[in-house]
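S.K.: Below are the structure tokens for one structure; questions will follow.
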Amino acid sequence: MMHGRKYFMPWMLIALCFAPACNAHEHPEEIKIASSIDVPITAATANLLQQAYQRLGVNMKTLNTPSRRALMMANKGLLDGDLFRIGQVVLNYPNLIRVDYPLLHGELRAVVRPGSGHLFSHPSARPKTAAVRLGVIIAEQTAKAMGIDPIQTNSYEQARTLLESGRVDIALVSDIEGFGPLALKSWEELEILPSPVATFRLYHYLNERHEALAKALPDILGAIEKEGIRSAILSRFRQQQRKWNKENIQPMLQGQFQSKMTRSH
Numbered sequence: 000m001m002h003g004r005k006y007f008m009p010w011m012l013i014a015l016c017f018a019p020a021c022n023a024h025e026h027p028e029e030i031k032i033a034s035s036i037d038v039p040i041t042a043a044t045a046n047l048l049q050q051a052y053q054r055l056g057v058n059m060k061t062l063n064t065p066s067r068r069a070l071m072m073a074n075k076g077l078l079d080g081d082l083f084r085i086g087q088v089v090l091n092y093p094n095l096i097r098v099d100y101p102l103l104h105g106e107l108r109a110v111v112r113p114g115s116g117h118l119f120s121h122p123s124a125r126p127k128t129a130a131v132r133l134g135v136i137i138a139e140q141t142a143k144a145m146g147i148d149p150i151q152t153n154s155y156e157q158a159r160t161l162l163e164s165g166r167v168d169i170a171l172v173s174d175i176e177g178f179g180p181l182a183l184k185s186w187e188e189l190e191i192l193p194s195p196v197a198t199f200r201l202y203h204y205l206n207e208r209h210e211a212l213a214k215a216l217p218d219i220l221g222a223i224e225k226e227g228i229r230s231a232i233l234s235r236f237r238q239q240q241r242k243w244n245k246e247n248i249q250p251m252l253q254g255q256f257q258s259k260m261t262r263s264h
């Protein structure tokens, strides 16, 4: 009997040592992702990622929070990740891991008052100003690279109002896969310069503790695109954008995490 115990105890210790290593690669049952689900493209992307996570047995919920705070919370591990950002985000948020599959492709378009496009081919005595939506990092970076002072706005409608009233010279507006304010009638009277001022790709980000998920998602997202599901999701939300309002969101999304956070910037 003692002889049996002599060999039993070492094997038990080995089993206990190896058990956590196996469990460390299991995916969580639920994750919470930061995003502002207030425009069709973010709602569409949330729906797409929810389907990808479902294939891994993970329930993805979204936390509606301001853009800058979303990045901070994901980087600090207060949330599990951020819905999508440009590829350079990892340079400033080292605790985030980029899921190496481009979710979306976009262009940054310059919009001016009718007949004002020539302003950007002539020198000016005063600094030019550009309305950019708060949290759209590519717009802020591009404005500065063009030598234009960025003026942050809380929405694209506010940017349009500033442009129409002459308080800014230009609005820098994202067009992502055919989504964006330029599809709305309220922008039709303004002039869109013919060439995009920047192009970009958007990626999903996870906190570093979810490295296993970050490695598993690219194959899942690739399969979803190959099966035509990605195209169908984007098409469905794209059809809704002209009559979009916050009441559209809940019926089109499942499992959204409701936050009581104050939307202050």
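Taking numbering that gives the first Met the number 0, the leading residue of the sequence shown gets 0, the next gets one more, and so forth. Even for Gly, the Cβ is constructed at its ideal location relative to N, Cα and C. Quick caveat, the model's predicted, so the values are computed rather than measured.
So does the stretch 221-240 actually touch the stretch 34-49, counting three or more Cβ pairs closer than 8 angstroms?
M.R.: The stretch 221-240 is in contact with the stretch 34-49.
S.K.: Using alpha carbons as the reference points, say which of Pro217, Arg108 and Leu192 lies closest to Leu171.
M.R.: When each option's Cα is compared against that of Leu171, the closest is Arg108.
S.K.: Between Gly105 and Leu183, is the Cβ-Cβ spacing less than 8 angstroms?
M.R.: Taking 8 angstroms as the Cβ cut-off, Gly105 and Leu183 do not qualify as a contacting pair.
S.K.: Shortest alpha-carbon distance to Arg125 belongs to which of Asp168, Met72 and Leu133?
M.R.: The option with the nearest alpha carbon to Arg125 is Asp168.
S.K.: Is the beta carbon of Asn74 sitting closer than 8 angstroms to the one on Tyr92?
M.R.: Contact: yes.
S.K.: In or out: Met72 buried (at least 16 other Cβ within 10 Å) or exposed?
M.R.: Met72 comes out buried.
S.K.: Terminal residues of the continuous beta strand (DSSP E) containing Gly80?
M.R.: Note, Gly80: beta strand (DSSP E), Gly80 to Ile85.
S.K.: Below 8 angstroms, can you find three or more Cβ-Cβ pairs linking the stretch 154-162 to the stretch 179-193?
M.R.: Yes, the stretch 154-162 touches the stretch 179-193.
S.K.: Report the residue from Leu103, Ala130 and Arg97 whose alpha carbon sits nearest the alpha carbon of Val111.
M.R.: If we check each option's Cα against that of Val111, Ala130 comes out closest.
S.K.: So Ala45 and Ser34 are supposed to be a Cβ contact under 8 angstroms. How far apart are they, rounded?
M.R.: Their Cβ separation, rounded to whole angstroms, is 6 angstroms, which keeps Ala45 and Ser34 in contact under 8 angstroms.
S.K.: Determine the DSSP secondary structure at Tyr100, reduced to helix, strand or coil.
M.R.: Residue state, collapsed to three classes: coil.
S.K.: Going straight from the alpha carbon of Cys21 to that of Val196, what length do you get?
M.R.: Note on Cys21: pLDDT 36, under 50, position unreliable in the model; the coordinate value appears next. When rounded, the distance between both Cα atoms is 48 angstroms.
S.K.: Between which two residues does the alpha helix (DSSP H) harbouring Tyr92 extend?
M.R.: It is not in any alpha helix (DSSP H) - Tyr92 carries neither H nor E in the DSSP assignment.
S.K.: Give the straight-line distance between the Cα atoms of Trp186 and Leu162, rounded to the nearest whole angstrom.
M.R.: If you take the alpha carbons of Trp186 and Leu162, they lie about 11 angstroms apart.
S.K.: For Arg54, which three-state DSSP category applies?
M.R.: Residue state, collapsed to three classes: helix.
S.K.: Along the chain, where does the alpha helix (DSSP H) that runs through Thr160 open and close?
M.R.: Run containing Thr160: Tyr155 to Glu163, per the alpha helix (DSSP H) assignment.
S.K.: Measuring only the C-alpha atoms, how far is Val88 from Glu207?
M.R.: Using only the alpha carbons, I get a separation of about 14 angstroms.
S.K.: Is it right to say Leu118 is buried, meaning 16 or more other beta carbons lie within 10 angstroms of its own, or is it exposed?
M.R.: Exposed, since its Cβ has fewer than 16 Cβ neighbours within 10 Å.
S.K.: In whole angstroms, what is the alpha-carbon distance linking Lys225 and Gly116?
M.R.: Cα to Cα, the separation comes out at about 41 angstroms.
S.K.: Closest to Lys60 by CA distance: which of Gly80, Leu70, Ala138 and Arg68 is it?
M.R.: Answer by Cα proximity: Gly80.
S.K.: Can you tell which of Pro113, Gly76, Pro65 and Glu29 has the C-alpha that lies nearest to the C-alpha of Ile191?
M.R.: Measuring from the Cα of Ile191, the nearest candidate turns out to be Pro113.
S.K.: In whole angstroms, what separates the C-alpha of His203 from that of Leu216?
M.R.: Each residue's Cα considered, the two are about 10 angstroms apart.
S.K.: Once DSSP output is grouped into helix, strand and coil, what is the label at Pro65?
M.R.: Reduced to three states, the DSSP call for Pro65 is coil.
S.K.: If you drop the 5 nearest sequence neighbours on each side, which residues of the same chain put their C-beta closer than 8 angstroms to that of Ala142?
M.R.: Ala129, Val131, Asp148, Pro149 and Leu171.
S.K.: Please name the residue, chosen from Arg97, Leu77, Asp174 and Ile219, that lies closest to Val135 on a Cα-to-Cα basis.
M.R.: Cα-wise, what sits closest to Val135 is Asp174.
S.K.: Are the Cβ atoms of Phe199 and Ile137 separated by less than 8 angstroms?
M.R.: Yes, they are a contact pair.
S.K.: Which runs of the beta strand (DSSP E) spanning at least 3 residues fall entirely within the stretch 163-238, listed in chain order?
M.R.: Whole beta strand (DSSP E) segments, 3+ residues: 169-175 and 197-206.
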